[in-house]
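In this text, residue positions in the sequence shown follow the working numbering: the first is -8, and each later residue adds one. A virtual CB, placed ideally from N, CA and C, is assigned to each residue, including glycine. Worksheet: the structure to be examined is printed underneath.
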Amino acid sequence: MKNYLIAILVLFTFSATAQVPYFTIGPKAGASFSKFSADEDQIKEEMKSSLHFGAFARIGDKVYLQPELLFMNRKGDLSQTAVAGSTKSLHIKTLDIPVLLGGKLIDTDLFNVRVMAGPVASLALNKDINSENWDNTITGKDIRAANWGVQTGAGVDLQMFTLDLRYEFGISDYSKDEGLTLKNNMFTVSLGWKIL
């Protein structure tokens, strides 16, 4: 019975995607380089690297819509230039939902080159903040549950593989603390596999 249900699900998936021209879906993973920036001159920011993974869908050909669901690690270190040994390390795990509008600049049978841009919603799943020698200490409770950004970038498709390079501009203030403004900017590189 279980095999029949799987077969029906597979047939339904193929028949559904057959109704939508130029539809593809697949997993993706990559590296992220993020930095939390503060609005104070005496705070120094440091970029940190991490990994991400998730899935993407693409609808359209020359012009396309690409929604994604990604598990991200947003990291960054802050230090106060006037206070020796002061550090604040932030590690926020988020579920990101970018919705990108893109277009092909070069389109051949072997590969294509694309550009894309669009908004991204970030939902905080876990908030880990460690501070040392910092008077105004914020905790996970001071981090907003939802934040917004804008992504822009370029990509290359080589047969069933897709490579994206993007930069994300943080729009929302991650901090609910009036004494500290935190925005997250991020550079990502990811490799996807078109399974449909």
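- Under the 10 Å beta carbon count, residue 91 is surrounded by 16 or more other beta carbons and is classified as buried.
- Looking at the backbone, the Cα of residue 125 and that of residue 81 are separated by about 13 Å.
- One alpha carbon belongs to residue 23, the other to residue 123, and they sit about 25 Å apart.
- Ranking 158, 98, 136 by CA distance to the CA of residue 54 puts 98 first.
- For residue 92, the beta-bridge partners assigned by DSSP are 56, 108.
- Membership of residue 29 in the beta strand (DSSP E) is indicated by the continuous run 14 to 29.
- Annotated as proximal: residue 69 and residue 34, with beta-carbon spacing under 8 Å.
- Within the same chain, Cβ atoms closer than 8 Å to the Cβ of residue 110 are found at 89, 90, 139, 140, 141, 142, the five residues on either side in sequence being excluded.
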